[in-house]
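Engineer:
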Amino acid sequence: MENLIELLKKIITNVLTALYQPFWFAVILTVFLLFFYLYAYKPIDTGKGIRAAFRAWWQEFRTSLFFRKLFLLTFFTVMILFQTLINRNMWINPLSDIMGGWWIWHTAADGTVTLTTECFENIVLMLPFTALLLWTVAEKIFCGRKITFGRCVWISTKTAFLFSLAIEFLQLFLRLGTFQLSDLFYNTLGGVLGGMIYWICWKIRGKKQKTGK
1 MENLIELLKK IITNVLTALY QPFWFAVILT VFLLFFYLYA YKPIDTGKGI
51 RAAFRAWWQE FRTSLFFRKL FLLTFFTVMI LFQTLINRNM WINPLSDIMG
101 GWWIWHTAAD GTVTLTTECF ENIVLMLPFT ALLLWTVAEK IFCGRKITFG
151 RCVWISTKTA FLFSLAIEFL QLFLRLGTFQ LSDLFYNTLG GVLGGMIYWI
201 CWKIRGKKQK TGK
């Protein structure tokens with residue numbers, strides 16, 4: 001029992017550390033990127049100074065639910081890119097470990113067994129992305145079609161797989177990290193779980209609206 005508690009403690013600590021490291025960088029970059037969004041779609045206060053720009057940004061954040069959704073989606077996208085591309089060291093051979101690690105225990109060449117939480121980190125990294133993507137642009141994604149469990153799973157699977165595949169190929173060509181099939185699998189799994197969570201929340205919300213609660 002003590003070993004299980006210690007194992008869970010290490011997993012939670014490593015996952016939270018991986019999320020905490022890029023937090024403030026992601027916040028600052030997200031605020032900056034959404035200035036471009038306002039400039040492109042709502043250029044009312046263009047050319048009136050930095051104070052007017054910040055007031056317009058804050059006013060939009062306070063009054064627009066879509067803008068807040070877009071903030072969260074952009075924030076988690078930056079978090080993913082920070083962990084997978086921006087904050088990575090150069091690798092001489094990005095194909096040195098193409099299969100990657102498939103579980104929490106990693107056996108080195110000398111037989112040493114160490115605990116790794118990469119599989120959980122990859123799941124947690126992509127899970128909010130697909131949930132927030134569906135939440136933010138559901139109208140455009142479903143195009144008036146009924147939101148079903150199958151459609152949510154299919155869209156989230158396809159999105160997470162293609163996004164993760166693009167990241168893995170960028171890591172390969174830019175020599176930032178290693179190309180690993182296990183990362184592709186666990187990222188896609190996280191995306192699928194995100195789609196399921198969105199569908200569950202959508203169903204709960206629909207029931208509440210029907211009952212008037």
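Residue numbers (full-length UniProt numbering): 1 to 213.
Idealized CB from N, CA, C, for every residue including glycine.
Our contact map puts G177 next to W102 with C-beta atoms below 8 Å; I'd like the distance itself, whole angstroms only.
Structural biologist: Taking the first residue of the sequence shown as position 1, residue 177 is located at position 177. Taking the first residue of the sequence shown as position 1, residue 102 is located at position 102. The Cβ separation is near 17 Å, so there is no contact.
Engineer: Among F161, G194, R175, L170, whose alpha-carbon lies nearest the alpha-carbon of S182?
Structural biologist: Along the sequence shown, one-based indexing puts residue 182 at 182. Closest option to S182, Cα to Cα, is F161.
Engineer: Tell me whether Y39 is buried or exposed, calling it buried when 16 or more other Cβ atoms sit within 10 Å of its Cβ.
Structural biologist: Translated into positions along the sequence shown, residue 39 becomes position 39. When all chains shown are included, Y39 counts as exposed.
Engineer: Counting only beta-carbon atoms, is Q83 nearer than 8 Å to chain B?
Structural biologist: Of the protein chains in the structure, only one exists, and it is not chain B.
Engineer: Going by Cα to Cα distance, which pick from G195, E60, R151, A138 is closest to I123?
Structural biologist: As a working note, residue 123 is residue 123 in the sequence shown. When only C-alpha atoms are compared, the closest one is G195.
Engineer: Out of N89, L33, G49, which has the shortest C-alpha to C-alpha gap to F75?
Structural biologist: Numbered from its first residue, the sequence shown carries residue 75 at position 75. F75 has its Cα closest to that of L33, out of N89, L33, G49.
Engineer: Rounded to whole angstroms, what's the CA-CA distance from R68 to F36? Just pull it up for me.
Structural biologist: In the sequence shown, residue 68 corresponds to position 68, counting from 1. In the sequence shown, residue 36 corresponds to position 36, counting from 1. R68 and F36: Cα-Cα distance of roughly 15 Å.
Engineer: Which class does M90 belong to by DSSP, given the choice of helix, strand or coil?
Structural biologist: Stepping through the sequence shown from its first residue, residue 90 is reached at position 90. Note: M90 maps to strand in three-state DSSP.
Engineer: State the Cα-Cα distance for the pair L127 and V192, rounded to the nearest angstrom.
Structural biologist: For the purposes of this step, residue 127 is taken as the residue at position 127 of the sequence shown. For the purposes of this step, residue 192 is taken as the residue at position 192 of the sequence shown. Computed Cα separation, rounded: 7 Å.
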